[in-house]
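Numbering (the working numbering), first residue to last: 16 to 126.
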RNA sequence: CAAGUCGGCCAGGCGGUCGCGUCCCCUCCUUUCAUCCCCCCAGUGGGGGAAAGAGGGGGGCGAGGAAAGUCCGGGCUCCACAGGGCACGGUGCUGGAUAACAUCCAGGCGGGGUGACCCGACGGAAAAGGGCCACAGAAAAGCAGACCGCCCCCUCCCGCUGGGGAGGGGGUAAGGGUGAAAAGGUGGUGUAAGAGACCACCGGCGUCCGUGGUGACACGGGCGGCCAGGCAACCCCCACCGGGAGCAAGGCCAAGCAGGAGCGAGGGGCGGCCCGUCCCAUUCGAGCUCCGGGUAGGCCGCUAGAGACGGCGGGCAACCGCCGUCCCAGAUAGAUGACCGCCCACGACAGAACCCGGCUUAUCGGCCGACUUGGACG
RNA sequence: GCCCACGUAGCUCAGCCGGUAGAGCACACCCUUGGUAAGGGUGUGGCCAUGGGUUCAAUUCCCAUCGUGGGCU
């Protein structure tokens with residue numbers, strides 16, 4: 016994904032965690048908050064609980080790839096954090112995409 | 001052919017579609033004249049380009065042998081200089097390599113294996129000194145030690161020629177037993193019984209000499225006293241080495257805030273002490289403690305280096321010198337991914353974060369070379 | 001990324017210079033009581049995180065590994 020639409024500032028991420036609503040799926044968690052802009056920004060994260068650097072890189076890449084493919088279908092004007100859960104390491108990309116799509120529908124962010 | 005030893009290399013491949021980071025080029029647009037260059041004007045103003053940013057297109061490059069653990073050693077940065085002594089810490093056979101090392105190479109010594117070969121924190125424990133050696137055992141470390149046994153003497157009892165038993169005194173380290181360890185081994189002389197008490201040989205120790213080697217050490221010979229326990233990964237002694245912190249080092253720019261109370265004559269550079277030295281204080285107050293407030297942005301450091309590859313030369317080797325060619329990640333919530341097809345042995349451990357040299361640990365397998373042992377055939 | 005500290009009974013911790021591991025709480029049983037709590041007594045429970053090394057002997061000394069917690073912008 017382009018860096019322009021990524022959530023990169025620590026202060027922005029903190030705001031999402033503090034003010035955002037969350038939706039859970041066995042593979043990932045989605046946290047979102049309106050940002051008042053005309054574009055949506057996405058951040059990804061994977062905690063140390065998931066494993067070593069290779070496992071965490073794998074988890075983040077899967078989340079980024081799913082978000083890239085679904086980005087045109089996401090409502091504008093949101094800051095979104097995607098948090099990886101351990102089960103994500105056992106699946107392939109299309110399943111992550113499916114999980115993210117269902118979360119977006121439940122959160123009312125898909126159009 | 002089987003079993004094994006040592007060393008080196010590789011770390012799925014190819015094609016297609018979409019995607020990411022960085023650098024460069026082209027194109028188009030925007031911003032500003034603060035900086036640089038050019039032009040116009042002479043009203044210190046105007047314009048163009050460079051520059052910076054956004055979009056589009058193209059090209060180059062883009063994780064590892066361990067990138068890991070952070071266990072050593074350096075470079076680099078800051079602490080005024082990195083100075084002296086003590087303390088503390090580290091290393092520990094010899095010679096060499098190296099920027100340096102606890103690493104590497106060669107050799108010595110000791111141990112293991114039929115062998116190729118592998119393993120070793122490998123200075124000093126008798127004249128520097130202190131300490132410890134539990135339990136068991138009679139005795140456990142500078143005059144070692146008599147429990148059983150063995151031997152001699154005395155008294156008593158049984159039997160009464162020879163013998164046996166009990167008690168006491170003494171000798172004895174050959175035998176038994178305890179222990180991780182009991183103060184050389186074998187044979188002899190000797191003796192009441194014994195003993196390095198004495199003798200021969202062997203082992204080991206010390207010392208002197210000779211030969212070889214840079215040296216550790218090896219070999220040979222003479223002399224000595226008969227023999228000297230273990231632990232320095234306990235303190236310690238000897239030799240050598242080490243100033244401290246770490247790229248979140250350190251420097252620059254921008255933004256932002258609010259100070260107050262107490263202690264106070266010394267404080268800091270510096271982790272401990274002393275010396276030396278420098279800086280700030282003792283007037284208006286250095287510094288310390290407590291309460292409260294602000295920031296969480298950008299740029300540099302940041303990758304061309306003890307660099308990689310090839311050749312030649314020196315050296316047993318580690319490695320070094322010279323020449324030629326090449327540029328090989330620099331991210332900052334952190335870039336290598338997703339999907340499809342084909343092939344094969346169906347893919348392990350695992351992701352740079354300032355950079356190198358090592359060590360250690362994890363790891364599916366595959367390939368190549370040298371060598372050892374055993375068997376069969378010619 | 002860098003720098004530290006700590007792993008001992010179910011829990012919280014002792015164990016100084018190596019000699020065979022304890023305390024408190026908890027648990028089980030007994031005494032006390034009409035019964036319980038408290039109190040007293042007895043007992044159970046440990047690969048001393050893991051693997052090597054030094055030593056006659058290691059929880060202790062040394063090395064490596066694994067895990068947990070903390071600090072530095």
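Every residue gets a Cβ at the ideal spot worked out from N, C-alpha and C, and that includes glycine.
**Message:** Between which residues of its own chain and residue 50 is the CB-CB distance below 7 Å, once the five residues before and five after are set aside?
**Reply:** Residue mapping note: residue 50 aligns to position 35 of the first chain, counting from 1. Excluding residues within five positions, the ones whose Cβ falls inside 7 Å are 56, 92, 93 and 94.
**Sequence-distant residues of its chain with Cβ nearer than 6 Å to residue 200 (five each side left out)** = The shown model of the chain, from 16 to 126, leaves out residue 200, and the question about it has no answer.
**Asked** Looking at residue 42 and residue 103, is the spacing between their C-beta atoms short of 8 Å?
**Response** On the first chain, residue 103 is found 88 positions in, with the first residue counted as 1. On the first chain, residue 42 is found 27 positions in, with the first residue counted as 1. Yes, the Cβ-Cβ distance between residue 103 and residue 42 is below 8 Å.
**Asked** Going by the beta-carbon positions, is the gap between residue 74 and residue 85 smaller than 8 Å?
**Response** Here residue 74 refers to the residue found at position 59 of the first chain. Here residue 85 refers to the residue found at position 70 of the first chain. Cβ atoms of residue 74 and residue 85: not closer than 8 Å.
**Item:** First and last residue of the uninterrupted alpha helix (DSSP H) at residue 26
**Value:** The residue given as residue 26 occupies position 11 in the first chain. 25-34 is the extent of the alpha helix (DSSP H) around residue 26.
**Message:** Looking at residue 128: is its Cβ nearer than 8 Å to the Cβ of residue 40?
**Reply:** Here the chain comprises residues numbered 16 to 126, so residue 128 is not present and cannot be evaluated.
**Euclidean distance between Cα positions of residue 116 and residue 71** = Looking up residue 116 in the first chain gives position 101. Looking up residue 71 in the first chain gives position 56. Their Cα atoms are separated by approximately 22 Å.
**Item:** Neighbourhood of residue 98 by C-beta, 6 Å cutoff - its chain only, sequence neighbours within 5 removed
**Value:** Residue 98 sits at position 83 when you count from the first residue of the first chain. Result list for residue 98: 44 and 60, in chain order.
**Asked** From residue 119 to residue 125, what does the alpha carbon distance come to, in whole angstroms?
**Response** Position 104 of the first chain, counted from the start, is the residue given in the question as residue 119. Position 110 of the first chain, counted from the start, is the residue given in the question as residue 125. Going by the C-alpha atoms only, they are around 5 Å apart.
**3 or more residues per run - each beta strand (DSSP E) lying fully within the segment 81-117** = 93-99
**Message:** For a quick check, are the C-beta atoms of residue 21 and residue 58 less than 8 Å apart?
**Reply:** For the purposes of this step, residue 21 is taken as the residue at position 6 of the first chain. For the purposes of this step, residue 58 is taken as the residue at position 43 of the first chain. Yes, they are a contact pair.
**Message:** Taking the alpha carbon of residue 106 as the reference point, which residue from 62, 121 and 81 has its own alpha carbon closest?
**Reply:** Counting from 1 along the first chain, the entry for residue 106 is found at position 91. The option with the nearest alpha carbon to residue 106 is 81.
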